[in-house]
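Residue numbers (my numbering): 83 to 351. Idealized CB from N, CA, C, for every residue including glycine. Keep in mind that this is a model prediction, so the values were computed, not measured.
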Amino acid sequence: MSKVITVSSLKGGVGQTATVLNLGYSMSRLGPKVLVIDAAPQSGAGMASNARQKNSAGLLELLKGKAKAADVIVSAREGGLDFLGSGPVEAEEVIFFEKEAFRGNLTKVIRSVTDKYDYVFIDTATGLSVITYVCMALSSSVIVPLAPNALAVKSLASMLKFFRRVRMRANRNLVLEGLLFTMTDHTSPYEVSLINDVREGFPPQVFFETVIPYDPAFEQANARATVLAMLPEGENAGRAYLDLAVEMRLREMAQTRKEVENGQDNGIF
Ligand SMILES: Nc1ncnc2c1ncn2[C@@H]1O[C@H](COP(=O)(O)OP(=O)(O)OP(=O)(O)O)[C@@H](O)[C@H]1O
Ligand SMILES: [Mg+2]
């Protein structure tokens with residue numbers, strides 16, 4: 083069964099799209115088959131990768147019944163990474179997209195493509211919208227990227243409230259995969275102290291141990307419309323996303339072991 087992970091934040095520009103693309107790519111390098119979905123019309127993964135130019139059709143055409151999944155999903159040059167864009171969503175179609183989310187059709191379309199993947203990462207638009215609600219409602223877990231600045235940290239409480247609301251009303255199996263510090267500068271005493279303060283407010287397992295450092299090489303990746311982790315110059319943050327993928331896998335193995343120990347599993351076969 084595939085694990086579907088929505089990446090979402092109330093505050094923009096904190097690395098949601100960067101996380102979906104780089105973690106998705108890094109996870110696929112570890113072996114699993116990965117699908118990245120751009121459910122953020124106009125600000126998401128389609129624009130940050132060259133997938134949009136490769137095939138501009140996407141969720142929009144699937145929602146309109148004008149294409150089949152096989153025609154709109156593109157595969158990365160290397161590895162087991164596939165991409166489903168949002169499609170050429172113009173301003174007036176954003177409302178159509180939201181209506182389809184409200185009617186349950188976005189859920190149906192996304193569910194119809196997730197089956198053959200081990201992991202599905204969904205990029206959502208910044209803020210708390212019906213699209214984000216629907217994506218969380220069909221997901222196994224949520225990753226919340228958190229940049230070390232006062233406004234991003236302040237927005238965390240509302241984000242967690244929204245997460246709890248989705249869990250209560252629409253998906254009681256939803257879990258918080260983790261809060262992920264992004265764009266960090268460990269030489270800044272202000273940031274170090276802010277991160278420590280935030281960490282003290284929650285149980286340690288709420289956070290990923292891996293943090294994603296600030297890396298100016300992202301600009302080069304943007305200019306080349308590619309995923310930083312694919313570039314040799316992306317070894318800093320790119321390496322961190324690979325560490326994050328490994329951390330996620332190790333956490334899952336620990337969780338499975340716990341379930342076996344608790345007798346929730348009936349053996350290997
Ligand atoms: N670790 C990082 N270091 C430096 N720059 C980064 C890092 N992560 C992302 N960026 C850059 O910061 C900008 C915002 O990142 P990104 O688009 O991933 O954020 P977002 O949360 O998806 O924003 P939006 O609200 O527009 O959807 C982009 O130009 C991206 O390339
Ligand atoms: Mg984005």
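Taking the alpha carbon of ASP120 as the point to measure from, which residue in ASN104, LEU141 and TYR107 has its own alpha carbon closest? When only C-alpha atoms are compared, the closest one is LEU141.
Under a Cβ-count criterion, where at least 16 other Cβ atoms within 10 Å of its own Cβ denotes burial, should SER270 be classed as buried or exposed? Burial call: exposed.
Please confirm if the region 176-185 is in contact with the region 147-166, defined as three or more CB-CB distances below 8 Å between the two stretches. no
When you compare the CB positions of ILE294 and GLY97, do they come within less than 8 Å of one another, or not? yes
Taking all protein chains shown into account, decide if PHE184 is buried (16 or more other Cβ within 10 angstroms of its Cβ) or exposed. exposed
Expressed to the nearest angstrom, what Euclidean distance is found between the alpha-carbon atoms of HIS268 and GLN287? Whole-angstrom Cα-Cα distance: 21 Å.
Would you tell me roughly how many angstroms separate the C-alpha atoms of LEU256 and ARG281, rounded to the nearest one? 22 Å
Under 7 Å Cβ to Cβ from TYR323, same chain only, skipping five residues before and after it: list those, please. ASN104, LEU105, SER108, ILE294 and ALA311
Pull up the distance between the alpha-carbon of VAL396 and that of ASP279, whole angstroms please. Given a span of 83 to 351 for the chain in the structure shown, any question on residue 396 remains unanswerable.
Does DSSP classify ILE294 as helix, strand or coil? Shown here, ILE294 sits in coil according to DSSP, grouped into three states, outside any helix or strand.
Start and end residues, beta strand (DSSP E) containing LEU210: From DSSP, LEU210 is part of no beta strand (DSSP E); its letter is neither H nor E.
Whole alpha helix (DSSP H) runs in the region 221-255 with 4 or more residues, listed along the chain? 232-251
Cβ neighbours of LEU188 in the same chain (closer than 6 Å, five flanking residues each side left out): GLU182 and VAL216
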